[in-house]
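Read through the structure below, which is laid out as structure tokens, and then see the notes.
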Amino acid sequence: MAIGYDAEAPAGSAGNLQQKILLLGPKDLLIAISFGRCLQDTVDSVIRAHDNGVPTIGLTDSEKSPIARFSDTFWLTSIASTSFHGSYVAVVSAINALLVACSQLHPQRSLKVLRRKEQEFRSRWYTPLSGKSGKRNSDRYE
């Protein structure tokens, strides 16, 4: 969700991720998310960013995980579940809390961006033509 900050989730190869890390500086923030033993690429990214003076925060499920050990700070989020797969509800809630906190740093800017996004979002939904006027009746479904 855009709230007025430049953000990116690098995708692709490990080399692409490491190239993105090299572009970060002290005014940036690396958020690393990994659970269990953690992926080597994610851990390497945290270490490289930290070594380059980039603030780092980790979301992980154990104080002993590599993400917790190498990040400047970390949040513990459980992925425990009664099913065969982990549950990421707590993780998504933590990310939402972080977004809300960021939006509170510059509330007017964030509200402006959110209003623009909401308007764009609403314009994508179908609205039927109203009666004889032939105009869209967007109030009908609000």
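Just so we're on the same page, the numbering used here is the position in the sequence shown counted from 1, plus 222.
Beta carbons: idealized from backbone N, C-alpha and C, even for Gly.
Query, Result
"Beta-carbon proximity check, I255 vs L281, cutoff 9 Å", "yes"
"CB contact flag (W297, A316, <9 Å)", "yes"
"Alpha-carbon to alpha-carbon, I289 and V276", "15 Å"
"Anticipated Cβ contact below 8 Å, D263 with A229, distance rounded", "Not confirmed; about 19 Å, so no contact."
"Run of the alpha helix (DSSP H) containing I289, from where it starts to where it stops", "288–292"
"D250 versus P350 - alpha carbon distance", "45 Å"
"Beta-carbon gap between S293 and V268 smaller than 9 Å", "yes"
"Residue range of the alpha helix (DSSP H) that includes F343", "329–345"
"Supposed close pair T295, V313 - CB separation, criterion 8 Å", "Between V313 and T295 the Cβ distance is about 16 Å, and since that is not below 8 Å, they are no contact."
"Counted within 10 angstroms of its Cβ, other Cβ atoms place S332 as buried (16 or more) or exposed", "buried"
"Candidates V335, G258, L327, H328: closest to K286 by CA position", "G258"
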